[in-house]
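Engineer:
Here it is, written out as structure tokens:
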């Protein structure tokens, strides 16, 4: 904890006290949560950003959409629209937000919606003529007005919630005891070669805050980011091996860009970093064009959905990523499919 955050520690105690009271009121039923007949799966975290929610949602879409009508519901962070929006051919990243628009472009077989009020959003989805059979709530772990049927808690390997502190002294949105609500915990962004001993040590640290389930410790999964072997745009693709040594501009507007840069960067590359969910202005586009100087531009998939309409006079590519479970993927898939399959609406 740096010096400034140490000074803010009293505020962290106050913030933790407020969030604990709020959770207590929901846990005891004084504040009401609403449940739904349709299976609802929440993917979220205790900390602020950077845990890999988007690739985990995409993993669930790939798992569930061959069997069920799937919908995703997000708040649409930094979108310029209001209220409930169901994606159709007229929307773009400014209307939906970058991550929901990415889901919409990649998975045309599902419904993609945004609404700050998740209860209202679920009601609107279920009122559609083609109502979903399962709803994935993106970044809704603290949205307690909805009582979901299944909670997946993510924590990043290099920033475990058990080692963190409450805002503003740390990055936690709520106390570490919030992990007790999770049905499963996934440690994300692990090194692909992480040892079983290291996994066991991390699991033991996390289990201190995760209440046992059915008399046994919660299963803790470990995943890594699996980078694609190609970069893409709307009409072309290139092998990563062909561009890794090529001079290029690497551009990222995500919470933790280091792994993206390390995977692609060579000593001859230019690099531009923007804030997470950044809306690119005309001056930003001009600065990117000047920085590229005719070299190809490679960005993240999330940034590409906001930049694909810009004219850089040079090719713009994106690097797709996936979440890859390091062990027990069959057990993970079965657990999710069993939950969805035994819910009221899908029996």
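Numbering (the working numbering), first residue to last: 11 to 357. From the three backbone atoms N, C-alpha and C, an ideal C-beta is built for every residue, glycine too. All values derive from a computational prediction rather than experimental measurement.
(1) Quick one, are the C-beta atoms of residue 336 and residue 204 less than 8 Å apart?
(2) Assuming residue 313 and residue 261 form a contact by the criterion Cβ under 8 Å, report the distance between their Cβ atoms to the nearest whole angstrom.
(3) Going by DSSP in three states, residue 333 sits in which element: helix, strand or coil?
(4) Opposite residue 268 in the DSSP bridges: which residues?
(5) Provide the residue span of the beta strand (DSSP E) that contains residue 353, from first to last.
(6) Look at the Cβ atom of residue 184, then the Cβ atom of residue 79, and state whether they are nearer than 8 Å.
(7) Report yes or no: do the region 233-246 and the region 280-291 share at least 3 C-beta pairs separated by less than 8 Å?
(8) Near residue 309, what residues of its chain come up, given a Cβ to Cβ distance below 6 Å and the 5 sequence neighbours on each side ignored?
(9) Could you pull out every unbroken beta strand (DSSP E) segment of at least 3 residues lying fully inside the region 236-287, listed in chain order?
(10) Grab the span of the alpha helix (DSSP H) containing residue 213 for me, first residue to last.
(11) Count the other C-beta atoms from every protein chain shown that fall within 10 angstroms of the C-beta of residue 161, then say buried if there are 16 or more, exposed otherwise.
(12) By how many angstroms is the C-alpha of residue 66 removed from the C-alpha of residue 149?
(13) How about residue 212: is its Cβ closer than 7 Å to a heavy atom in the ligand SAM?
(14) To which residues of the same chain is residue 94 closer than 7 Å at the C-beta, ignoring the five residues directly before and after it?
(15) What is the DSSP secondary structure of residue 172, counted as helix, strand or coil?
(16) Quick one: is residue 128 buried, meaning 16 or more other Cβ sit within 10 Å of its Cβ, or exposed?
(17) DSSP three-state label for residue 35, please.
(18) Taking residue 62 as the reference, give the member of 167, 307, 17 with the closest Cα.
(19) If you follow the alpha helix (DSSP H) that residue 64 is in, where does it begin and where does it stop?
(20) Can you list, in chain order, the residues of its chain with a C-beta nearer than 8 Å to that of residue 392? Leave out the 5 residues immediately preceding and following it.
(21) Could you check where the alpha helix (DSSP H) with residue 298 kicks off and where it finishes?
(22) Nearest by alpha-carbon distance to residue 18: which of 240, 181, 201 is it?
(23) My understanding is that residue 192 touches residue 213, with C-beta atoms under 8 Å, so please give their C-beta distance in whole angstroms.
(24) Give me the residue from 300, 41, 196, 267 with the minimum Cα distance to residue 311.
(25) So, do the region 80-94 and the region 103-123 have three or more beta carbon pairs nearer to each other than 8 Å?
(26) I need the straight-line Cα distance from residue 147 to residue 140, nearest angstrom please.
(27) Would you mind listing the beta strand (DSSP E) stretches within the region 151-199 that are 3+ residues and don't spill past its ends, in chain order?
(28) What residues in its chain sit with their C-beta under 6 Å from that of residue 339, if we drop five residues either side in the sequence?
(29) So if DSSP puts residue 5 in a beta bridge, which residue, or which two residues, is it bridged to?
(30) For the beta strand (DSSP E) that contains residue 318, what are its first and last residues?
(31) To which residues does DSSP link residue 81 through a beta bridge?
(32) In chain order, what residues of the same chain have a beta carbon less than 6 Å from the beta carbon of residue 202, not counting five sequence neighbours either side?
(33) Express the C-alpha separation of residue 230 and residue 47 in angstroms, rounding to a whole number.
(34) Do you know whose CA, among 177, 346, 39, lies nearest residue 53's CA?
Structural biologist: Inspection of the coordinates gives the following:
(1) yes
(2) 6 Å
(3) strand
(4) Paired residues: none, contrary to the question.
(5) No beta strand (DSSP E) holds residue 353; DSSP gives it neither H nor E.
(6) no
(7) no
(8) 261, 328
(9) 240-242, 247-249, 259-262, 280-283
(10) 206-217
(11) buried
(12) 11 Å
(13) Judged by which ligands are present, the structure shown has none, so any question about the ligand SAM falls away.
(14) 123, 125, 130, 131, 134
(15) helix
(16) buried
(17) helix
(18) 167
(19) 63-74
(20) No information on residue 392 is available, as it lies outside the stretch 11 to 357 that the chain covers here.
(21) 292-302
(22) 181
(23) Not quite, the Cβ-Cβ distance comes to about 13 Å (not below 8 Å), so this is no contact.
(24) 267
(25) yes
(26) 18 Å
(27) 160-166, 194-198
(28) none
(29) Look at the range of the chain in this structure, 11 to 357, and you will see that residue 5 is not part of it.
(30) Looking at the DSSP string, residue 318 is not in any beta strand (DSSP E), and its letter there is neither H nor E.
(31) 121, 145
(32) 234
(33) 27 Å
(34) 346
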